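J.: Here it is, the structure, as structure tokens.
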Amino acid sequence: MSGGRPVVSVVILTLNAGPGFEELLRRVSGQRGDFELELVVVDSGSTDGTVELARRYGAAVHRISKRDFNHGATRNLGISLSRGEYVALLVQDALPLGEGWLAAMVENLERDERVAGVYGRQLPRPEASAFTRALLGSLATASPERREQFAGGPERYRALPPQRRRRLAAFDNVSSCIRRSVWERFPFDRTDFGEDIRWGKRVVEAGYRLVYEPRSAVYHSHERGALYDLRRYYVNQRVLMELFGIRPVSSLARLLVAVARSTLYLYRLLRSNEEAAAAGALLLLAAAARYAATSQLGNYLGAKSVSLARVSPRLYGRLHGFLSRGI
Numbered sequence: 137m138s139g140g141r142p143v144v145s146v147v148i149l150t151l152n153a154g155p156g157f158e159e160l161l162r163r164v165s166g167q168r169g170d171f172e173l174e175l176v177v178v179d180s181g182s183t184d185g186t187v188e189l190a191r192r193y194g195a196a197v198h199r200i201s202k203r204d205f206n207h208g209a210t211r212n213l214g215i216s217l218s219r220g221e222y223v224a225l226l227v228q229d230a231l232p233l234g235e236g237w238l239a240a241m242v243e244n245l246e247r248d249e250r251v252a253g254v255y256g257r258q259l260p261r262p263e264a265s266a267f268t269r270a271l272l273g274s275l276a277t278a279s280p281e282r283r284e285q286f287a288g289g290p291e292r293y294r295a296l297p298p299q300r301r302r303r304l305a306a307f308d309n310v311s312s313c314i315r316r317s318v319w320e321r322f323p324f325d326r327t328d329f330g331e332d333i334r335w336g337k338r339v340v341e342a343g344y345r346l347v348y349e350p351r352s353a354v355y356h357s358h359e360r361g362a363l364y365d366l367r368r369y370y371v372n373q374r375v376l377m378e379l380f381g382i383r384p385v386s387s388l389a390r391l392l393v394a395v396a397r398s399t400l401y402l403y404r405l406l407r408s409n410e411e412a413a414a415a416g417a418l419l420l421l422a423a424a425a426r427y428a429a430t431s432q433l434g435n436y437l438g439a440k441s442v443s444l445a446r447v448s449p450r451l452y453g454r455l456h457g458f459l460s461r462g463i
């Protein structure tokens, strides 16, 4: 676009967004910046008034069937329906902090045309449990430090060790903003999980930059059960294996070691959190062991899924169907 204020679109994918959705819409509508704001909602079958509420806040709403939803393809649809030079992607249960959430991401894109996308900080909700607060607070997406991810070109990127390539490709569509011209060249893959890190890998490998901008922050946390953790780590491990060849838990022996190390790490993490530490050592150890066991078992099953598919396609089909459901 040339001349005037740029259009910045915010695309939100919804399905029965619930009672907190109006506060999200209010905060998005209240964003401040030197741009024109457009709101696009792609809804996949809400029955709780989500669509009507979005329209009351001026959103352009496009409806699809629930069976047609796909993490990558539906985001592509939302972006294609928008007109912004920059397009922010926000999940329905992330709550922007302050009136500068969007401007902080747009500033990075305006400042450097080599920046393909920006993603923001995620903080646990005020009502989150002590365990959730401690766990999320240790993640890279909770860091207060800004990061630029740049490899220097395709050959340099491909020559890097797997874990380094993974860190440079990190991107998170819980709260992000991408440059339309780059998306037109690199749309999201049609995939049920990990569309953001897949996109991050492609653009960094092509020579673009990604930026983690902690000034753009949202509240986003969940209280999940053991089954969800197992499933999420399973599908995440499959993505990491596919994209980077990373398989840290590739045998039963490594699984046992990984569970022990993860338990110890999480226990120490919880002990360092005053709110969590008040629960007592035994409860902290039990919580750490539960999370470590389910997450590392998910990693192990994800790493083994490829060989299982060769040896027993039928068993693999059942296991994969169960472990990839609802993620």
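Residue numbering for the sequence shown follows the numbering used here, beginning at 137 and increasing consecutively.
C-beta: ideal position from N, C-alpha, C; glycine also.
This one's a predicted model, so the numbers in the text were calculated from it and none came from an experiment.
Distance, Cα to Cα, glycine 457 vs proline 142?
T.: 44 Å
J.: Under the rule that 16 or more other beta-carbon atoms within 10 Å means buried, what is valine 223, buried or exposed?
T.: buried
J.: Considering only C-alpha positions, which residue in the set Ser182, Ala396, Val146 is nearest to glutamate 172?
T.: Val146
J.: For the region 405-415 against the region 369-384, are there 3 or more C-beta pairs whose distance is under 8 Å?
T.: Touching, no.
J.: If you draw a straight line from the alpha carbon of arginine 247 to that of leucine 392, how long is it in whole angstroms?
T.: One C-alpha to the other measures close to 48 Å.
J.: Let me check you understand the geometry: is the CB of glycine 156 closer than 7 Å to at least one non-hydrogen atom of the ligand NAD?
T.: Here there are no bound small molecules, and the ligand NAD is not part of this structure.
J.: Tell me which same chain residues have a C-beta within less than 7 Å of the C-beta of phenylalanine 205, skipping the five on either side of it?
T.: Residues Ser180 of the same chain have their beta carbon placed closer than 7 Å to that of phenylalanine 205, with the five preceding and five following residues left out of the count.
J.: Count Cβ pairs between the region 372-384 and the region 279-288 that sit closer than 8 Å; are there 3 or more?
T.: The region 372-384 vs the region 279-288: no contact.
J.: Would you give the residue range spanned by the alpha helix (DSSP H) that glycine 462 belongs to?
T.: Run containing glycine 462: none; DSSP gives neither H nor E here.
J.: So what does DSSP say about methionine 137, is it helix, strand or coil?
T.: Reliability of the predicted coordinates at methionine 137 is poor, the pLDDT of 41 falling under 50, and the value obtained from them is presented with this limitation in mind. Methionine 137 carries a coil assignment under DSSP once its states are collapsed to helix, strand and coil.
J.: Tell me which residues share the same chain as valine 177 and place their Cβ nearer than 6 Å to its Cβ, disregarding the 5 neighbours each side in the sequence.
T.: Ile148, Thr150, Ala190, Ala195, Val197
J.: In the DSSP assignment, find the unbroken beta strand (DSSP E) run with tyrosine 222 in it and report its ends.
T.: 222-227
J.: I need the straight-line Cα distance from methionine 241 to phenylalanine 157, nearest angstrom please.
T.: Answer to the nearest angstrom: the Cα atoms are 22 Å apart.
J.: Tell me where the alpha helix (DSSP H) around proline 298 begins and ends.
T.: 298-305 is the span of the alpha helix (DSSP H), which, as asked, contains proline 298.
J.: Is alanine 153 helix, strand or coil when you go by DSSP?
T.: coil
J.: Within a Cβ cutoff of 6 Å, which residues of the same chain sit near valine 187, ignoring the five residues on either side of it in sequence?
T.: Apart from the 5 residues on each side of it in sequence, valine 187 sits with its Cβ closer than 6 Å to the Cβ of Asp179, Val197 in its chain, given in chain order.
J.: Suppose the cutoff is 6 Å on Cβ atoms and the five residues either side in sequence are ignored; what does the same chain contact list for isoleucine 200 look like?
T.: Ser180
J.: Given a threshold of 16 other Cβ atoms within 10 Å of its Cβ, counted over all protein chains shown, does glutamate 249 qualify as buried or as exposed?
T.: Counting Cβ neighbours within 10 Å, glutamate 249 comes out exposed, since fewer than 16 surround it.
J.: Please look up how many angstroms separate the CB atoms of glycine 253 and isoleucine 333, rounded, as I've assumed it's under 8 Å.
T.: With 8 Å as the limit, glycine 253 and isoleucine 333 do not qualify as a contact, their Cβ atoms being about 12 Å apart.
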